[in-house]
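Just remember that this note's numbering sits 9 ahead of the position in the sequence shown, which is counted from 1.
Following: one structure in structure tokens, then a few remarks.
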Amino acid sequence: MSFRARVLAGFGVVVLVPLVVFGVRVRADMADRLTAEYQRRVASLAAVIRADLSRDSAGIAARLDALKEAIAMDNKFRRAALEGVERAYLLDYAGSAMRFTGLSMLLIQDDQGRIISSGHFRNEYDRLEPDLPRLLAVAPGGMALVEARTAEAALLALARVDSLRLGGRRFTLVGGVAVDSSFLARLAPDSELTVAPALPSDTLVRVDTAAQVVSALAVPFVALGDSARLREARIVVTHSLAPLAALRRRVDAAFVAAALLTAAIALLLASWLSSLISRPLGELARRTAEIDMERLDVTFESERADEIGMLTRLLGAMTERLRVGAAQLREAERRIAVGDLARQVNHDIKNGLIPIRNVVRHLLDAARAGPDQLAAAWRDRQATVESSVSYLEQLATNYARLYPQPGRKPCDVNDAVRETIRRVGDASRGELRTELADELPAVQTDPVVLRRILENLVGNALDSLESRSGTVTVLTARAAGADDGRPVVRITVADTGKGMSREELNRAFDDFYTTKPGGTGLGLSIVRRLVLDANGALRVETEPGGGSKFIVELPGAGA
């Protein structure tokens, strides 16, 4: 083992390891003990809450029983319920009875489940809730949390059901007490503990076990209007671990202070020992700092037999490998740059040759029909050939300068669209349509750049069609202006092709990524670069099987 390694090992073993083990052990034991105590408190409160709910349920049952006796002796209620008279008395009965019995919720229903009187919300009258009494009757313990409607907001109540017979008909009473803040405060007398209901409709919140101790008490739940089934709510008891976190911070601060003091003393000793080897390492570092990709002629030689000598020789071997690798990398970069340029030239030239190829096909078809048709076809397509040749000449000029600085001037977008449709239109590839806006402002860009954008987008759209019945539509419109009021022109190229998946869309603008056989993968990357060069914006709307929309927005003249 080297001298440096022995110094570091001694520092770690003698100083840091015992201190870290001691601190971690004390901290973990303290946290475990306090957390276990909090868990016992939460579990105890959950058991107490269960007993309190049972006691409250028994109290509700006693109130409903007393209310049954009062109803049985109330002839006016009997006449209203059985004979349909005194409707106002029947409507107001549940409200008066609810206040008399100290309930927060009271429903009186007939044998069909129709609400004939509601104390907490008078408008519940005549609503059918046939499942509510049945679900409360089969709920464990005979009680459940019920989410009822009121005039202001939903009311959460702990409810029970009871029934009585009047004149051969069965009536049910559903009564309960509100589960509100005062109710929950009574369940949790300890200020460090909190109690809250969690309904099935509540968004599931991930419990942070590092910040609190949690226990949940399952309670049956019924929501009025959705009472076809009995669901489960929870009464959640939590105990914050903030006191434990504060204690941990104090322990951590004391531990860090002790560790820093001990480390400072040990570092003084380590510094003295390491000074014996610092000078040769400093010289080695100085020579290493001189190395970069443009200067790999630094030599590393040493006759020492120790670790420093070994490191020096390793650095010398590494520098030699870097020299060889740098030469290979420069050659590879040169080849890649030439290849990239060749692919782009090939892609742009192919775009310029497509219209000429279509013209030649047209002329061949016309030649078969006779000289007159050939001459007419040439007169009709001569402008396309001349435009394509001019386009190729302009490309050649641009590539002669490697990366041309575009000359911007006002361009008519509609004319550029018509010229592009005339150049790339081919009935064998699909139908091309245009919807061009009137009085469209000119855009400020290079005409060749605008044509390259349109030809790439329209060509890609035609290639995406899966049959000759597909269509490609080019639309122009005036978009919402910029913040400073300058005009913006929107060009949309929409197709009915196969569309793109999310993964394909994410890679659509990458160089050399293509899904077409024989494609170069440069079309969309060129479009994006040209749009950005024109100070425009490009976005895509697509879905698999639903076609694609490429939307280009360019600033108007004067922008």
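Yeah, the Cβ is synthetic: ideal placement off N, Cα and C, and Gly gets one too.
From the options, residue whose alpha carbon lies closest to that of residue i
i, options, result
"R460", "S473, I500 and L474", "I500"
"Y134", "D140, Y102 and F109", "Y102"
"P564", "G555, R548, A67 and N544", "N544"
"E464", "L256, V23, R432 and G439", "R432"
"T485", "E475, V497 and L474", "V497"
"K359", "L404, G334, M319 and R174", "L404"
"L362", "Y400, A503, A385 and L445", "Y400"
"G555", "V536, S534, R511 and V23", "R511"
"S557", "A272, A566, E316 and D472", "D472"
"F180", "A163, R195, P139 and L208", "P139"
"A194", "I244, M152 and A162", "I244"
"I58", "G151, V228 and E46", "V228"
"F130", "T110, G151, A146 and S105", "S105"
"T297", "R438, G325 and L270", "G325"
"L293", "L270, E312 and I317", "I317"
"T393", "Q382, D381, R427 and A378", "R427"
"F192", "S113, A52, E448 and R143", "S113"
"E402", "V457, L373 and T443", "V457"
"L290", "T271, R313, A45 and L269", "R313"
"S63", "A255, A385, L167 and G379", "L167"
"N132", "A160, T308 and D199", "A160"
"L54", "L474, A268 and D199", "D199"
"L226", "N515, A56, F31 and E46", "A56"
Endpoints, alpha helix (DSSP H) assigned at residue i
i, result
"I430", "V422 to V433"
"K85", "N84 to E92"
"Q121", "Counting along the chain, Q121 falls outside any alpha helix (DSSP H), and DSSP gives it neither H nor E."
"L145", "D140 to V147"
"L547", "Element bounds for L547: not the alpha helix (DSSP H) but the beta strand (DSSP E), A546 to T551."
"P27", "V26 to A81"
"R195", "S190 to L196"
"D472", "P456 to S473"
Residue i and residue j closer than 7 Å at C-beta
i, j, result
"L115", "M107", "yes"
"P553", "G479", "no"
"I69", "G184", "yes"
"S397", "I365", "yes"
"R548", "I535", "no"
"L182", "L73", "yes"
"R390", "V369", "no"
"R417", "D357", "no"
"L239", "L165", "no"
"V481", "A489", "no"
"V170", "A146", "yes"
"A262", "L208", "no"
"T505", "V467", "no"
"L441", "V422", "no"
"V231", "Q48", "no"
"E453", "A566", "Sequence inspection shows Gln at residue 453; the Glu mentioned does not correspond to that position. In contact: Q453 and A566 (Cβ atoms closer than 7 Å)."
"D61", "L175", "no"
"V24", "T321", "no"
"A52", "S190", "no"
"T443", "V483", "yes"
"F518", "L541", "no"
"K77", "L173", "yes"
Opening and closing residue of the beta strand (DSSP E) in which residue i lies
i, result
"S172", "L164 to L175"
"A107", "The identity of residue 107 in the sequence shown is Met, whereas the question assumes Ala. From DSSP, M107 is part of no beta strand (DSSP E) but of the alpha helix (DSSP H) over R96 to T110."
"L563", "S557 to P564"
"I593", "There is simply no residue 593 to check, as the chain begins at 10 and stops at 568 in what is shown."
"P206", "L202 to A207"
"E512", "Counting along the chain, E512 falls outside any beta strand (DSSP E), though it belongs to the alpha helix (DSSP H) covering R511 to R516."
"R417", "Element bounds for R417: n/a, residue is neither H nor E."
"G185", "R178 to A187"
"E444", "E440 to E444"
"L484", "T480 to A488"
"V498", "V497 to D504"
"V155", "A153 to A157"
The ligand FMN heavy atom lying under 6 Å from the CB of residue i
i, result
"P149", "The ligand FMN is not part of this structure, which contains no ligands at all."
Would you call the stretch 98-108 and the stretch 145-158 in contact, with 3 or more CB pairs under 8 Å? No, because fewer than three Cβ pairs between the stretch 98-108 and the stretch 145-158 fall closer than 8 Å, the two stretches do not touch.
Please determine if the stretch 120-129 and the stretch 33-45 are in contact, where contact requires at least 3 C-beta pairs separated by less than 8 Å. No, the stretch 120-129 does not touch the stretch 33-45.
Scan the stretch 218-290 and note each continuous beta strand (DSSP E) run of 3 residues or more that stays entirely inside, going in chain order. Runs found: 221-232 and 235-249.
Are the stretch 188-205 and the stretch 245-255 touching by the rule of at least three beta carbon pairs closer than 8 Å? Touching, per the Cβ criterion.
Scan the stretch 380-409 and note each continuous alpha helix (DSSP H) run of 4 residues or more that stays entirely inside, going in chain order. Complete alpha helix (DSSP H) runs here, min 4: 380-409.
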